[in-house]
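**Student:** Numbering (my numbering), first residue to last: 19 to 370.
Ideal Cβ placement from N, Cα and C applies to all residues, glycine included.
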Ligand SMILES: Nc1nc2c(ncn2[C@@H]2O[C@H](COP(=O)(O)OP(=O)(O)OP(=O)(O)O)[C@@H](O)[C@H]2O)c(=O)[nH]1
Ligand SMILES: [Mg+2]
């Protein structure tokens, strides 16, 4: 029986993934924990030699189990519950296609290899017969274990980055339609999202206040809608910054419908002509996607032309906007039938 304090410590080790110090390799902290746990092994046995062999075996088994558990903790956020399709798309776009799968495969393989190594070490131990031999067997095992863990340092590091990235992003429910609110920077997208949904994004009078997508929810009749706030998009031919790229990913990867927000007042700092150009391009690029155009800040300026005019400031046009969104979604049957489990992908193919 281990002493009380060490049992408590043991439980801590079983918790979430170890957080190594900034700049330190994860393998260092993982191995420290594993060896510390292994060192605390207090075996039973008939003879001194029995106990010595048993102690060596416990060291091997415990250090191995701790390391496997720790490596697993880094892959767990992407496995259970399974990553929603859009989270995967975001990772692929931001870190490179297929990177997550490669990292997960390597982490998985490392655990398998450590299991094999452990069995081999236990066999080796059984063939030995002196205390010095047992110690030698453990030493060899520790050396190989350490090099296996160090091999996956880059993968653990990446898994951690993926996790941090996704923690700052909403998990979209693929069964619920998503209205992506998009447009140029500083035009009032976040203000509208706040008017339309439960989200309370930061609103400020400068471009790129919103740097990452954020979700709010709202009810339309008996159905639920996800409203996605996005960073501004400048629509330049080549160079898009990571925030713009994320907004584009939302439009192409998550939108059941886009709310394209145009600021006709000039107060955003961007010309109406540039905004119209981006809208036109999207209509051509995504002919299947319902794109609803609104002109916002109607409390400052209202232009003729037939577009829905809204104001996040006064609430003008917001109810009409909600009704229009609901009508379009219903016309296109984008609300889930009860019991059905459609996904955004299914919706896309239905439209073609
Ligand atoms: N008068 C008026 N001002 C508005 C309205 N909507 C937004 N604004 C102002 O416009 C500025 C930008 O608003 P945001 O909602 O942050 O705009 P955004 O498009 O989300 O900006 P980014 O996240 O930087 O792309 C803020 O100063 C808001 O107060 C509106 O309907 N009327
Ligand atoms: Mg914003």
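#1: Using three-state DSSP, classify residue 177 as helix, strand or coil.
#2: Please state whether DSSP places residue 110 in a helix, a strand or coil.
#3: With DSSP as the reference, identify every bridge partner of residue 278, one or two as the case may be.
#4: Heavy atom of ligand 2 less than 7 angstroms from the Cβ of residue 372, yes or no?
#5: Which runs of the alpha helix (DSSP H), 4 residues or longer, sit entirely within the region 198–236?
#6: Label residue 222 either buried or exposed according to how many other C-beta atoms from any shown protein chain fall within 10 Å of its C-beta, with 16 as the threshold for buried.
#7: Could you check what DSSP says for residue 327 in three-state terms: helix, strand or coil?
#8: Does the distance between the C-beta of residue 216 and the nearest non-hydrogen atom of ligand 2 fall short of 7 angstroms?
#9: Quick one: using the 10 Å Cβ neighbour count with 16 as the cut-off for buried, is residue 357 buried or exposed?
#10: Does ligand 2 have even one heavy atom less than 7 angstroms from the beta-carbon of residue 247?
#11: Are the beta-carbon atoms of residue 268 and residue 231 separated by less than 8 angstroms?
#12: Would you kindly check if the distance between the Cβ of residue 144 and the Cβ of residue 152 is under 8 angstroms?
#13: Inspect the CB distances between the region 233–246 and the region 312–322 and report whether three or more fall short of 8 angstroms.
#14: Quick one, which of 125, 105, 109 and 60 has its alpha-carbon nearest residue 91's?
#15: Ignore the nearest five residues each way along the sequence and tell me which others in residue 421's own chain have a CB closer than 7 angstroms to its CB.
#16: Should residue 253 be labelled buried (16 or more other beta-carbon atoms within 10 Å of its own) or exposed?
#17: In three-state terms, what does DSSP make of residue 351?
#18: Report the three-state DSSP secondary structure of residue 371 (helix, strand or coil).
#19: Within its chain, find whatever has a CB closer than 8 angstroms to the CB of residue 10; leave out the 5 residues flanking it on each side and keep chain order.
#20: So, for residue 293: in the same chain, excluding its five sequence neighbours on each side, which residues have a beta-carbon less than 8 angstroms away from its beta-carbon?
#21: Just to confirm, are residue 166 and residue 131 a CB contact at a threshold of 8 angstroms?
#22: Is there contact between the region 170–182 and the region 80–87, where contact requires at least three CB pairs shorter than 8 angstroms?
#23: Taking 8 angstroms as the cut-off, does the region 343–352 touch the region 183–192 (at least 3 CB pairs, one atom from each stretch)?
#24: Enumerate in chain order the residues of its own chain whose CB-to-CB distance from residue 353 is below 7 angstroms, with the five nearest sequence positions on each side excluded.
#25: Can you give me the Cβ contacts of residue 271 inside the same chain, cut-off strictly under 7 angstroms, excluding the 5 residues immediately before and after it?
#26: Using a Cβ-Cβ cutoff of less than 7 angstroms, which residues in the same chain neighbour residue 342 once the five nearest sequence positions on both sides are dropped?
#27: Which residues mark the beginning and the end of the alpha helix (DSSP H) in which residue 44 is found?
#28: Report the partner residues of residue 247 according to the DSSP bridge assignment.
#29: Starting from residue 286, follow the alpha helix (DSSP H) in both directions and report where the run begins and ends.
#30: Taking only three categories from DSSP, how would you classify residue 121?
#31: Measure how close the beta-carbons of residue 312 and residue 328 come, nearest whole angstrom, since I'm counting them as under 8 angstroms.
**Tutor:** Judging by the given coordinates:
#1: Walking along the chain shown from the start, residue 177 turns up at place 159. Helix.
#2: The residue given as residue 110 occupies position 92 in the chain shown. Here DSSP, grouped into helix, strand and coil, assigns residue 110 to helix.
#3: Within the chain shown, numbered from 1, the residue matching residue 278 stands at position 260. According to DSSP, which records beta bridges pairwise, residue 278 is partnered with 200 and 311.
#4: The question about residue 372 has no answer here: the residues shown for the chain are numbered 19 through 370.
#5: Note on the region 198–236: whole alpha helix (DSSP H) runs with a minimum of 4 residues are 207–214, in chain order.
#6: Taking the chain shown and counting its residues from 1, the one referred to as residue 222 is at position 204. Looking at its Cβ environment, which holds fewer than 16 other Cβ atoms inside 10 Å, residue 222 is exposed.
#7: Looking up residue 327 in the chain shown gives position 309. It is a strand residue.
#8: Locating residue 216 in the chain shown gives position 198, counting from the first residue. Residue 216 Cβ: outside cutoff for every heavy atom of ligand 2.
#9: Here residue 357 is taken as the residue at index 339 of the chain shown, counted from 1. The predicted model places residue 357 with a pLDDT of 44, which falls under 50 and marks its position as unreliable; any figure quoted below should be read in that light. For residue 357, the number of other beta carbons within 10 angstroms of its own is below 16, and it is reported as exposed.
#10: On the chain shown, position 229 is the one that residue 247 refers to. Yes - ligand 2 has a heavy atom lying nearer than 7 angstroms to the Cβ of residue 247.
#11: Residue 268 sits at position 250 when you count from the first residue of the chain shown. Residue 231 sits at position 213 when you count from the first residue of the chain shown. One thing to note: residue 268 has its Cβ within 8 angstroms of the Cβ of residue 231.
#12: By one-based count along the chain shown, residue 152 stands at place 134. By one-based count along the chain shown, residue 144 stands at place 126. No, these two residues do not count as a Cβ contact at 8 angstroms.
#13: These segments do not touch.
#14: In the chain shown, counting from the first residue as 1, residue 91 sits at position 73. For residue 91, the nearest C-alpha among the options comes from 125.
#15: A query on residue 421 cannot be resolved here, the shown segment of the chain reaching from 19 to 370 and no further.
#16: The sequence position of residue 253 within the chain shown is 235, counting from 1. The residue in question, residue 253, is buried, as its Cβ has 16 or more Cβ neighbours within 10 Å.
#17: As a working note, residue 351 is residue 333 in the chain shown. Of the three classes helix, strand and coil, the one that applies to residue 351 here is coil, per DSSP.
#18: The structure shown does not extend to residue 371, since the chain spans only 19 to 370, so no value can be given for it.
#19: For the chain, the structure presents residues 19 to 370; residue 10 sits outside this window and is missing.
#20: Taking the first residue of the chain shown as 1, we reach residue 293 at position 275. Within the same chain, 201, 202, 205, 280 and 281 come within 8 angstroms of residue 293 by CB-CB distance, once the 5 residues on both sides are set aside.
#21: Indexing the chain shown from 1 puts residue 166 at position 148. Indexing the chain shown from 1 puts residue 131 at position 113. Taking the C-beta atoms as reference points, residue 131 is found nearer than 8 angstroms to residue 166.
#22: No: the two stretches stay apart, fewer than three of their Cβ pairs being nearer than 8 angstroms.
#23: They do not touch, by the three-pair rule.
#24: Numbered from 1 along the chain shown, position 335 holds the residue referred to as residue 353. Within the same chain, residue 353 has close Cβ partners 195, 241 and 347.
#25: Numbered from its first residue, the chain shown carries residue 271 at position 253. Closer than 7 angstroms at the Cβ level, and outside the excluded window around residue 271, lie 104 and 107.
#26: Residue 342 sits at position 324 when you count from the first residue of the chain shown. If we look at residue 342 and ignore the five residues flanking it on each side, its Cβ neighbours are 310 and 326.
#27: Counted from its first residue, the chain shown places residue 44 at position 26. Looking at the DSSP string, the run of the alpha helix (DSSP H) that includes residue 44 is 44–57.
#28: Taking the first residue of the chain shown as position 1, residue 247 is located at position 229. For residue 247, DSSP records a beta bridge to 199 and 232.
#29: Your numbering for residue 286 matches position 268 in the chain shown. Where residue 286 is concerned, there is no enclosing alpha helix (DSSP H), given that its DSSP letter is neither H nor E.
#30: As a first step, residue 121 must be located in the chain shown, where it is residue number 103. In the structure shown, the three-state DSSP call for residue 121 is helix.
#31: Against the chain shown, residue 312 aligns to sequence position 294. Against the chain shown, residue 328 aligns to sequence position 310. 5 angstroms between Cβ atoms; contact.
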